[in-house]
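Student:
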Amino acid sequence: MSMKKEKDFGTPASAATETVNLEIDGFKVTVPAGTSVMRAAASIGIDIPKLCATDSIEPFGSCRLCVVQIEGGRGLPASCTTPVFEGMKAITQNQKLAEVRRGVMELYISDHPLDCLTCSANGDCELQDMAGAVGLREVRYKPVETHLNAQKDTSNPYFTFDPSKCIVCSRCVRACEETQGTFALTIDGRGFDSKVSAGQNEDFLSSECVSCGACVQACPTATLMENNVIENGQPEHAIITTCAYCGVGCSFRAEMKGEQIIRMVPNKDGKANHGHSCVKGRFAFGYATHKDRITKPMIRASIQDAWKEVSWEEAIAYAASEMKRIQAKYGKDSVGGLTSSRCTNEEAYLVQKLIRAGFGNNNVDTCARVCHSPTGYGLKQTFGESSGTQDFDSVMKADVILIIGANPTDGHPVFGSQMKKRLRQGANLIIVDPREIDLVKTPHVQADYHLKLRPSTNVAIINAMAHVVVNEGFVDENFINARCDVASFNKWRTFIADERHSPEATESITGVPAAQMRAAARLYATAKNGAIYYGLGVTEHSQGSTMVIGIANLAMATGNLGRDGVGVNPLRGQNNVQGSCDMGSFPHELPGYRHVSDPETHGLFEKTWGAKLSINPGLRIPNMFDAALDKTFMGLYCEGEDIAQSDPDITHVHAALRTMECVIVQDIFLNETAKFAHVFLPGASFLEKDGTFTNAERRISPVRKTMRPLAGYADWEVTQMLSNALGYPMNYSHPSEIMAEIASLMPTFAGVSYAKIDELGSIQWPCYDEASAGTPIMHTEEFLRDNGKGLFMLTEFVATQERVNGKFPLILTTGRILAHYNVGAQTRRTENNVWHSEDILEIHPHDAEDRGINDGDWVGIKSRVGETVLHALVSERVQPGVVYTTFHFPESGANVITTDNSDWATNCPEYKVTAVQVTKVTQSSEWQDGYRAFTENQLDLLAQAAHA
Amino acid sequence: MSSKVDKLVKMANDISAFFDADPDKTIAAAGVKNHILRSWDLRMRKAIVEHLKHHDGEGLSPLAKTSVAQITI
Chain A
1 MSMKKEKDFG TPASAATETV NLEIDGFKVT VPAGTSVMRA AASIGIDIPK LCATDSIEPF
61 GSCRLCVVQI EGGRGLPASC TTPVFEGMKA ITQNQKLAEV RRGVMELYIS DHPLDCLTCS
121 ANGDCELQDM AGAVGLREVR YKPVETHLNA QKDTSNPYFT FDPSKCIVCS RCVRACEETQ
181 GTFALTIDGR GFDSKVSAGQ NEDFLSSECV SCGACVQACP TATLMENNVI ENGQPEHAII
241 TTCAYCGVGC SFRAEMKGEQ IIRMVPNKDG KANHGHSCVK GRFAFGYATH KDRITKPMIR
301 ASIQDAWKEV SWEEAIAYAA SEMKRIQAKY GKDSVGGLTS SRCTNEEAYL VQKLIRAGFG
361 NNNVDTCARV CHSPTGYGLK QTFGESSGTQ DFDSVMKADV ILIIGANPTD GHPVFGSQMK
421 KRLRQGANLI IVDPREIDLV KTPHVQADYH LKLRPSTNVA IINAMAHVVV NEGFVDENFI
481 NARCDVASFN KWRTFIADER HSPEATESIT GVPAAQMRAA ARLYATAKNG AIYYGLGVTE
541 HSQGSTMVIG IANLAMATGN LGRDGVGVNP LRGQNNVQGS CDMGSFPHEL PGYRHVSDPE
601 THGLFEKTWG AKLSINPGLR IPNMFDAALD KTFMGLYCEG EDIAQSDPDI THVHAALRTM
661 ECVIVQDIFL NETAKFAHVF LPGASFLEKD GTFTNAERRI SPVRKTMRPL AGYADWEVTQ
721 MLSNALGYPM NYSHPSEIMA EIASLMPTFA GVSYAKIDEL GSIQWPCYDE ASAGTPIMHT
781 EEFLRDNGKG LFMLTEFVAT QERVNGKFPL ILTTGRILAH YNVGAQTRRT ENNVWHSEDI
841 LEIHPHDAED RGINDGDWVG IKSRVGETVL HALVSERVQP GVVYTTFHFP ESGANVITTD
901 NSDWATNCPE YKVTAVQVTK VTQSSEWQDG YRAFTENQLD LLAQAAHA
Chain B
949 MSSKVDKLVK MANDISAFFD ADPDKTIAAA GVKNHILRSW DLRMRKAIVE HLKHHDGEGL
1009 SPLAKTSVAQ ITI
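Protein chains in written order, with the working numbering: chain A, 1 to 948; chain B, 949 to 1021.
Right under this line is the structure:
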C-alpha cells in the first residue's frame, strides 16, 4: 500500500534477443542489443538525469540533461539516444557533465515559476527532482521575456494545461502520437515561441484530443495535471486494481488519500494495457461516489408504492421469503436470476450457484445474451472453447488485420491504440463495416479495403471471402490435414466452392463490389500472419452464430490459428463478460461451459455443492420475459444488469417486469430495471471489493478493495446472505475461497489462485496446474474439441426477416461511443457528458435531404415495434439507406424501436438491423413522454424512502 | 396460434434454417433436435411438441417439423 513510484528506465526496452556487454561507471552490465545507455544504466541502479525521456516513448534527445561521456568517443552524447555497443565504457558522472547539466537546468528554471511549495506537482515533479539531482543552487539569468504569464487551458473537465510551467520537452506530443496514436498535439512555433498546442491552436476540449491521459502521464512537470490532484493534493498510497469498463481490462494504480480516490493511473506492468488508458478508465471514476448512489436496502410491495428503507436483515429476509412464496405458488422453475459482467468472477459464480443450488433450477443468464453469446456458441463448436484465441500483444505480429463489425478506437480504445501502432508500422488493414469507423482513415493509418456492406449481410461476405480462398488455391492444406477434422473440411469445401457464394453472386446481396471482395480475400489469405478482430457488428444479428462460425472456418482454412500474430479475436464489450460466461452464467452450461445434462459434470457439481441440480436447461433472458407474460416466471434476482434499458423491444421487457411479483435488483444506482423492482439491495463499486475480472484475452486480473463498501457489504457477501436466507448455506470469508472452489471445479482454472495472481500480476486461462503461468495463445498444438481437431461447419446465408419496404425504408444500426459505456449508468454520472450528452441519429445527406432534415433537427424514428425521437446529425459516415445511433441514454429509447429478432442459436438480439422510417418532428414520442412521467414518479417514490 | 407458440415456431424455424445447409437431411434434423434439447427450457420444449401434436406444427418448416417429431419429453 505504499506510494512507491514505478521505475522509469528512460527509454523503451529492446526486444532483441542478442546481448551486449559494457561498462558503466566501472560497473559491468549485460543488456539486449539496441538498449540505450540510459536504460542500461538504469537497469543497474544508475539514474542519469533526464527530462525529455521516459520509457513509454521513443527517445528524443532534446533536453541535453542526460549527456554522458563514452570512452574513445567524441563530445557528450545524449544517453537516451545512444545505443550500447560491445565493450563500451560509459561515464555518467564527472565534473564536466555536472557543469553541463547544471547549465541546462539553469536555463530551464530561468523560465519556470518558482512556486514549488504551492505547485500541484510538489513532490511529484521531475523538474524539481532534476534541479536537486544536478545541484542547482542559483539562476543567474534574468530573462526580459518569459512564458510565466501564459494562460491556463481549463477546458478539459479532467485536467488542466498550464503552459507557464511547460519546458517544451515534447513528451506530451510524442505520447499522443506514439502511445495513443491520435496526433492531437503539436509543438507550434519556433525557438522561444515554441509551445505545446492542441489541434490548430484550439483548446484541449475543442481539439481532436480524446482525453486518454497519455499526455498527462508523460508530463514531467505540473503543466498537464489532473484536476483532482490540483484540488486535493498528492495521493499517499496506491493499490493495483483492474478497470471496470470495457473488455480490455486495463490494469490501474488507484492512487488514494485515505479512502478518497485521487486518480487512476495506468499501470506500466499491466499486460493488457502496458501503461496506457482511455478517458473512461483514467478519469471517469466519479460515479463510484456519486450522490445518486443508494446505500440503504429498500423494499416495497408494489412498484406503485414508495420505497421503504430497511435493515439488511429485513431486506434479505423479505427477498428470500418472496422468492420462496413464488416458488410455492408457481413452481420451482418460476424464479431465476441474472449475473453481471460488471461484477467479479467470484460474484457471478455465486449468483449462478445460488440459482442452481438455492432455487433448484437453471434459470440463470447474463448480459452476454445480448452481446457475445454467439461467440460462445460458434467458437465452442468449431474450436472447442468459448473464447478468443490470442493475447492482445499478438496484434504486434499481425501482417494483415481484418476487422469485422468492431470499432476498437471507440469500444476498446486502449487496444485500438495498440492496433494503430501496428498499422503505423505497416500492417495491412481490411475493415468490414457498414459505417466508416475511425480506423478507415486516421492519422498515418488508412484501410487497404473498406468493405462497406449492407447491414445483415455479414455471412454473405465471409462466405465470399472463403469462396475465393478455396477456389483460388489459398487453402493451407498442411494445416487442414494436421489440425482439422478433414471430413468436415471436405464437406465445407464442396459447399463453399459453389458459385452462389462467389463475390460476383453475392455482390447484389452485400452491396460490396466483387473485385473489392476478391482483393480483400486475397490480401488476408496470402498474409504471413492474418488476424481477425470482431465485435458486436458480427454477433448482434439473426445469423450472429453463423457468422462467428464463418470467421472460424476462414481462419482455419488459411491456417491462421495457433501462433503469434494470427487468430480469431472477439472484442468483448464489458469488463467481465468473458468471466461471467466462464463462471457458468448461461442457462444450459455449468461453470467451464459444460452442459447441465453431462452426467460427469452434473455429478461433480452436485457432490461439491451438496445440492440436487436440474439437468434441464433454464430460461434465457428473452425466454424469461415471455414466460413472465405467460405467468410461469414471476421472480427475478438481477445483479448489476439493466435489462430495462439494454434489452431489445423494451416495451415488451417492461411489460414482463411489471408482471413479475418480485424483482430484486442489486445495483449501485436506482437503474431503469430498479424502477420495476420490489427489493433493492445496494451494490458495491469495483473500488469497494476484492475479486477478479477476466478480459477479452482470457486474462484473469485482480480487483482490489480501495475503500470500504458504501453500503456495508461487497456484492458477493449480499448474494451469500440471500442464499443463506433461502436455506442454501454459503460461508465464504473472502473471495479467494470462492476462487479456490472455482479452481477445484473448472479444469481450465485448475492452476489459478489469488497467490499466483499476486505473483504474476494476471493469468490467462487455460491454466491447468499450479506450475502453469497460463496460456497467451490457444490451440497451438491441437484444438480443445474432444478429438483435438478443428471443425468446419456449413454457413448458408439466410436473409434477415427484418426487411425494408416503402413504409420502413431505412436500416437502423446501433453502436457505442468512446465517452460512454453500455447503458451509461456509470459514465452519464461523470464529466464525460461534456463530449456526448445525448444519443443522436446519424443520417446520410441524401436521406436527410429527401426528408428535409438538417443537422440538429428533431427526428422521429419509427420501426414496426415502436417510435422514438432524437436529434439528427447529417453525416457521410453512414451510407445511404442506413441510420445509426448509440444507446447510452435511457430517455432516447433506442430499444423502443429494436425488434425481438434474434440469433438462431443463442437468441442474441438483432440490434444491428431494424427497418425504420425517419421523419422530421417537433416533439418527443409518446413513449418518451410516458417514460418521463414514469421516471418522475419512480424518483418521487425513491425520495419518499428516506422520509418513510 | 398464441404469440408464445408463434415465437417458438419462429425459433425452431430459425434453427432449422441453419442446419438445413447440410445436404444430408438426417444429419440436419439431428442437428435441430439436439440444439433444441440442449438449449431450450423444458416448458418451451413441451409447448413446441404439443403444438406439433395438436396443431400439426402449423408454421413449422419441413425440417423443423421432422426434428420436433423426434423430441420426446
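The C-beta atom is built at its ideal place from N, Cα and C for all residues, glycine as well. The structure presented is a predicted model; accordingly, all values stated were derived computationally and were not measured.
Identify every run of the beta strand (DSSP E) within the stretch 328 to 357 of chain A, keeping only runs that are complete inside it and at least 3 residues long; order them along the chain.
Tutor: 335 to 338
Student: Based on the DSSP secondary-structure assignment, which residues constitute the bridge partners of Phe669(A)?
Tutor: Working through the first sequence from its first residue, we reach residue 669(A) at position 669. According to DSSP, Phe669(A) bridges with nothing at all.
Student: Can the beta-carbon of Ile532(A) be found closer than 7 Å to that of Ile549(A)?
Tutor: Translated into positions along the first sequence, residue 532(A) becomes position 532. Translated into positions along the first sequence, residue 549(A) becomes position 549. For Ile532(A) and Ile549(A), no; Cβs fall outside 7 Å.
Student: Let me check understanding here. Comparing Cα to Cα, which of Asn833(A), Leu812(A) and Glu831(A) lies closest to Gly860(A)?
Tutor: Position 860 of the first sequence, counted from the first residue, corresponds to residue 860(A). For the residues Asn833(A), Leu812(A) and Glu831(A), the minimum Cα distance to Gly860(A) belongs to Leu812(A).
Student: Along the stretch 787 to 802 of chain A, what residues have a CB closer than 9 Å to any CB found in chain B?
Tutor: From the stretch 787 to 802 of chain A, only Met793, Leu794, Thr795, Glu796, Val798 and Gln801 have a Cβ closer than 9 Å to chain B.
Student: In the DSSP assignment, find the unbroken alpha helix (DSSP H) run with Lys756(A) in it and report its ends.
Tutor: Working through the first sequence from its first residue, we reach residue 756(A) at position 756. Looking at the DSSP string, the run of the alpha helix (DSSP H) that includes Lys756(A) is Tyr754 to Leu760.
Student: Tell me whether Thr382(A) is buried or exposed, calling it buried when 16 or more other Cβ atoms sit within 10 Å of its Cβ.
Tutor: The sequence position of residue 382(A) within the first sequence is 382, counting from 1. Around the C-beta of Thr382(A), 16 or more other C-beta atoms lie within 10 Å, and the residue is accordingly described as buried.
Student: Interface residues of chain E around His588(A) at Cβ under 7 Å?
Tutor: Going by chain labels, chain E is absent from the structure shown, which instead holds the protein chains A and B.
Student: Among Arg454(A), Ser79(A) and Leu791(A), which one has its Cα closest to the Cα of Asn490(A)?
Tutor: In the first sequence, residue 490(A) corresponds to position 490, counting from 1. Between Asn490(A) and the set Arg454(A), Ser79(A) and Leu791(A), the nearest pair of CA atoms involves Leu791(A).
Student: By DSSP's criteria, Pro83(A) is part of a beta bridge. Which residues make up the other side?
Tutor: Stepping through the first sequence from its first residue, residue 83(A) is reached at position 83. Per DSSP, Ser36(A).
Student: Does the Cβ-Cβ distance between Val679(A) and Leu810(A) come in under 7 Å?
Tutor: Here residue 679(A) corresponds to residue number 679 of the first sequence, with the count starting at 1. Here residue 810(A) corresponds to residue number 810 of the first sequence, with the count starting at 1. Cβ distance not < 7 Å, so Val679(A) and Leu810(A) don't count as in contact.
Student: So with CB distances below 9 Å, who are the chain B contacts of Phe474(A)?
Tutor: The residue you call residue 474(A) lines up with position 474 of the first sequence. Result: empty, since nearest Cβ-Cβ is about 22 Å, beyond 9 Å.
Student: With DSSP as the reference, identify every bridge partner of Ile299(A), one or two as the case may be.
Tutor: One-based indexing of the first sequence puts residue 299(A) at position 299. Its beta-bridge partners are Lys308(A) and Val679(A).
Student: Please report how far the alpha carbon of Leu900(B) lies from the alpha carbon of Gln1018(B), in whole angstroms.
Tutor: Shown here, chain B extends from 949 to 1021; a query on residue 900(B) therefore has no answer.
Student: Between Ile239(A) and the rest of its own chain, which residues show a CB-CB distance below 6 Å, the 5 nearest in sequence each way excluded?
Tutor: Residue 239(A) sits at position 239 when you count from the first residue of the first sequence. Ala254, Arg704 and Thr706, listed in sequence order.
Student: With 7 Å as the C-beta to C-beta threshold (strictly closer), list the residues of the stretch 628 to 651 of chain A near chain B in chain order.
Tutor: Asp630 and Thr632
Student: Return the CA-CA distance between His450(A) and Leu439(A), expressed in angstroms with no decimal places.
Tutor: One-based indexing of the first sequence puts residue 450(A) at position 450. One-based indexing of the first sequence puts residue 439(A) at position 439. Going from the Cα of His450(A) to the Cα of Leu439(A) covers about 10 Å.
Student: Is Asp365(A) helix, strand or coil when you go by DSSP?
Tutor: Counting from one through the first sequence, the residue named residue 365(A) turns up at place 365. If DSSP states are grouped into helix, strand and coil, Asp365(A) belongs with the strands.
Student: What residues of chain B sit near Ala905(A), judged by a beta carbon separation below 9 Å?
Tutor: On the first sequence, position 905 is the one that residue 905(A) refers to. Under the 9 Å cutoff, chain B gives Asp962, Ile963, Phe966, His983 and Ser987.
Student: Our contact map puts Gly815(A) next to Asn407(A) with C-beta atoms below 8 Å; I'd like the distance itself, whole angstroms only.
Tutor: Here residue 815(A) corresponds to residue number 815 of the first sequence, with the count starting at 1. Here residue 407(A) corresponds to residue number 407 of the first sequence, with the count starting at 1. With a Cβ gap of about 6 Å, Gly815(A) and Asn407(A) count as contacting.
Student: Could you check whether the Cβ of Val616(A) sits closer than 7 Å to any Cβ belonging to chain B?
Tutor: The residue labelled residue 616(A) in the question sits at position 616 within the first sequence. Note that residue 616(A) is Asn in the sequence shown here, rather than Val. Output row for Asn616(A): interface = yes.
Student: With Ser341(A) and Thr366(A) assumed to form a contact (beta carbons below 8 Å), what rounded beta-carbon distance in angstroms separates them?
Tutor: Stepping through the first sequence from its first residue, residue 341(A) is reached at position 341. Stepping through the first sequence from its first residue, residue 366(A) is reached at position 366. Thr366(A) and Ser341(A) do touch by the CB rule: their CB atoms are close to 6 Å apart, below 8 Å.
Student: Assuming Leu571(A) contacts Ala696(A) (C-beta within less than 8 Å), just tell me the rounded distance between them.
Tutor: Counting from 1 along the first sequence, the entry for residue 571(A) is found at position 571. Counting from 1 along the first sequence, the entry for residue 696(A) is found at position 696. So it is a contact: roughly 6 Å between Cβ atoms.
Student: Could you tell me the alpha carbon to alpha carbon distance between Thr19(A) and Leu107(A), rounded to whole angstroms?
Tutor: Walking along the first sequence from the start, residue 19(A) turns up at place 19. Walking along the first sequence from the start, residue 107(A) turns up at place 107. Cα-Cα distance, rounded: 38 Å.
Student: Report the three-state DSSP secondary structure of Thr186(A) (helix, strand or coil).
Tutor: One-based indexing of the first sequence puts residue 186(A) at position 186. It is a strand residue.
Student: With DSSP as the reference, label Tyr524(A) as helix, strand or coil.
Tutor: Residue 524(A) sits at position 524 when you count from the first residue of the first sequence. If DSSP states are grouped into helix, strand and coil, Tyr524(A) belongs with the helices.
Student: I want to verify the contact list: residues of chain B whose CB lies under 7 Å from the CB of Lys546(A), in sequence order.
Tutor: Locating residue 546(A) in the first sequence gives position 546, counting from the first residue. One point to set straight first is that residue 546(A) is Thr, not Lys, in the sequence displayed. Here the neighbours are Phe966.
Student: Tell me the DSSP bridge mates of Gln923(A)?
Tutor: The sequence position of residue 923(A) within the first sequence is 923, counting from 1. Per DSSP, Gln923(A) has no beta bridge partner at all.
Student: Name the two residues that bound the continuous alpha helix (DSSP H) containing Glu737(A).
Tutor: For the purposes of this step, residue 737(A) is taken as the residue at position 737 of the first sequence. From DSSP, the alpha helix (DSSP H) with Glu737(A) extends over Pro735 to Leu745.
Student: Measuring straight from C-alpha to C-alpha, what distance separates Leu51(A) and Cys63(A)?
Tutor: Reading the first sequence from its first residue, position 51 is the one you call residue 51(A). Reading the first sequence from its first residue, position 63 is the one you call residue 63(A). C-alpha separation (whole angstroms): 6 Å.
Student: Kindly list the residues whose CB is nearer than 6 Å to the CB of Phe633(A), restricted to its own chain and excluding five residues on each side of it in sequence; keep chain order.
Tutor: Residue mapping note: residue 633(A) aligns to position 633 of the first sequence, counting from 1. Taken in chain order, the residues that qualify are Ser334, Met624 and Ala627.
Student: For Ala969(B), return the contacting residues in chain A, with the cut-off set at a CB-CB distance below 8 Å.
Tutor: The sequence position of residue 969(B) within the second sequence is 21, counting from 1. What Ala969(B) touches in chain A: Phe495, Leu794, Thr795 and Glu796.
Student: When the Cα of Lys689(A) is compared with those of Leu224(A), Ile91(A) and Cys243(A), which residue comes out closest?
Tutor: The sequence position of residue 689(A) within the first sequence is 689, counting from 1. From the listed residues Leu224(A), Ile91(A) and Cys243(A), the smallest Cα separation to Lys689(A) is found for Cys243(A).
Student: Assess, as a yes-or-no matter, whether the stretch 155 to 171 of chain A is touched by the stretch 220 to 230 of chain A under the definition of 3 or more beta carbon pairs within less than 8 Å.
Tutor: yes
Student: Looking only at C-alpha atoms, which of Asn961(B), Val997(B) and Lys955(B) sits nearest to Thr1020(B)?
Tutor: To locate residue 1020(B), count along the second sequence from 1; it is residue 72. For Thr1020(B), the closest of Asn961(B), Val997(B) and Lys955(B) by C-alpha to C-alpha distance is Val997(B).
Student: Could you check whether the Cβ of Leu379(A) sits closer than 7 Å to any Cβ belonging to chain B?
Tutor: The residue you call residue 379(A) lines up with position 379 of the first sequence. So, not an interface residue.
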